[in-house]
Amino acid sequence: MLKNKGAGNNCPHSLDLALLLIRLGLAAVFLTHGLSKLMNIEGTAGFLGSLGFNGFFAWLVALAETLGGLAMLAGFWTCLAGTALAIVMIFAMVLVKFNAGFVGGWEYDLILLINALAVILAGPGKYALGCGCKGCQMKKQANKPDSAKTAAVSVMQNNKK
7 MLKNKGAGNN
17 CPHSLDLALL
27 LIRLGLAAVF
37 LTHGLSKLMN
47 IEGTAGFLGS
57 LGFNGFFAWL
67 VALAETLGGL
77 AMLAGFWTCL
87 AGTALAIVMI
97 FAMVLVKFNA
107 GFVGGWEYDL
117 ILLINALAVI
127 LAGPGKYALG
137 CGCKGCQMKK
147 QANKPDSAKT
157 AAVSVMQNNK
167 K
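Every position in the sequence shown, counted from 1, becomes a number in this note's numbering once 6 is added.
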């Protein structure tokens with residue numbers, strides 16, 4: 007489990023609140039951009055077509071951003087959503103924004119990428135519906151017995167003998 011060493015270390019929920027804020031920020035950005043792409047799918051397809059991609063990728067990007075944003079908002083399937091959003095940001099940085107340079111180019115996309123990676127690595131936090139991803143850190147932590155549970159189970163097993 008991640009140990010909180012930040013300024014809010016007196017609050018046992020500060021890490022979970024930080025993850026919630028990251029997820030809400032990602033949700034706001036990606037839902038807005040994804041819905042915009044879906045509402046103008048022809049324009050999205052035209053732009054991606056100018057980069058050499060067919061119309062399928064317009065739908066793929068628009069759905070990844072929209073569904074990824076919804077998943078971040080709910081805190082469900084965040085491992086999968088974070089991965090999809092990270093891939094979208096890598097492609098955006100490399101194919102669209104890289105030639106513009108860092109400032110005014112791909113710095114914003116980099117922040118979104120880093121935040122998506124943070125959620126992948128840390129999990130959605132406590133304030134989430136739960137993660138449905140196989141092998142997710144959140145599941146591992148939920149199934150990991152703490153010392154009190156271990157002691158209680160041990161006592162119960164010894165009493166049955």
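Each residue gets a CB set at the ideal place from its N, CA and C atoms; glycine is no exception. For clarity, every value in this text was computed on a predicted model and none was experimentally measured.
Please list the terminal residues of the continuous alpha helix (DSSP H) segment that includes Met95. Taking the first residue of the sequence shown as 1, we reach residue 95 at position 89. Its alpha helix (DSSP H) spans residues Thr84 to Phe97.
Which residue marks the beginning of the alpha helix (DSSP H) containing His2, and which one marks its end? Nothing in the structure corresponds to residue 2, since the chain is present only between 7 and 167.
How big is the Cα-Cα spacing for Asp80 and Leu135? On the sequence shown, residue 80 is found 74 positions in, with the first residue counted as 1. On the sequence shown, residue 135 is found 129 positions in, with the first residue counted as 1. Strictly speaking, residue 80 in this sequence is Ala, with Asp absent from that position. Taking the straight line from one Cα to the other gives about 6 angstroms.
Alpha-carbon spacing of Gly31 relative to Tyr133, whole angstroms: Position 25 of the sequence shown, counting from 1, holds the residue named residue 31. Position 127 of the sequence shown, counting from 1, holds the residue named residue 133. Cα-Cα distance, rounded: 14 angstroms.
Assuming Asn121 is part of the alpha helix (DSSP H), what are its boundary residues? Within the sequence shown, the letter at position 115 stands for residue 121. Where Asn121 is concerned, the enclosing alpha helix (DSSP H) stretches over Glu113 to Ala128.
Counting only the same chain and skipping the five closest in sequence on each side, list residues whose C-beta sits under 8 angstroms from that of Ile126. Locating residue 126 in the sequence shown gives position 120, where the first residue counts as 1. The answer, listed in chain order, is Thr84, Cys85, Gly88, Thr89 and Ala92.
DSSP state of Ala106, grouped into three classes? Along the sequence shown, read from residue 1 onward, the residue named residue 106 stands at position 100. Of the three classes helix, strand and coil, the one that applies to Ala106 here is helix, per DSSP.
What number of angstroms, rounded off, separates the C-alpha of Phe63 from the C-alpha of Leu21? Indexing the sequence shown from 1 puts residue 63 at position 57. Indexing the sequence shown from 1 puts residue 21 at position 15. Looking at the two C-alpha atoms, the distance is approximately 36 angstroms.
Which residue's Cα is closest to the Cα of Val94: Ile28, Leu27 and Trp112? Stepping through the sequence shown from its first residue, residue 94 is reached at position 88. The option with the nearest alpha carbon to Val94 is Trp112.
Pair within 7 angstroms by beta-carbon distance, Gly61 and Ala51: Counting from one through the sequence shown, the residue named residue 61 turns up at place 55. Counting from one through the sequence shown, the residue named residue 51 turns up at place 45. Yes, they are a contact pair.
Ala80 lies in the alpha helix (DSSP H); which residues open and close that run? Stepping through the sequence shown from its first residue, residue 80 is reached at position 74. That run of the alpha helix (DSSP H) goes Gly61 to Ala80.
Measure the C-alpha to C-alpha separation of Leu25 and Gly131 and round it to an integer number of angstroms. Reading the sequence shown from its first residue, position 19 is the one you call residue 25. Reading the sequence shown from its first residue, position 125 is the one you call residue 131. Distance between the alpha carbons of Leu25 and Gly131 is about 6 angstroms.
Just the C-alpha distance for Leu101 and Gly55, rounded to the nearest angstrom, thanks. Taking the first residue of the sequence shown as position 1, residue 101 is located at position 95. Taking the first residue of the sequence shown as position 1, residue 55 is located at position 49. Each residue's alpha carbon lies about 12 angstroms from the other.
Evaluate Glu71 with the Cβ neighbour count: other Cβ atoms within 10 Å of its Cβ, from every protein chain shown; 16 or more gives buried, anything less gives exposed. In the sequence shown, the residue the question calls residue 71 occupies position 65. It is buried - the Cβ of Glu71 has at least 16 other Cβ atoms within 10 Å.
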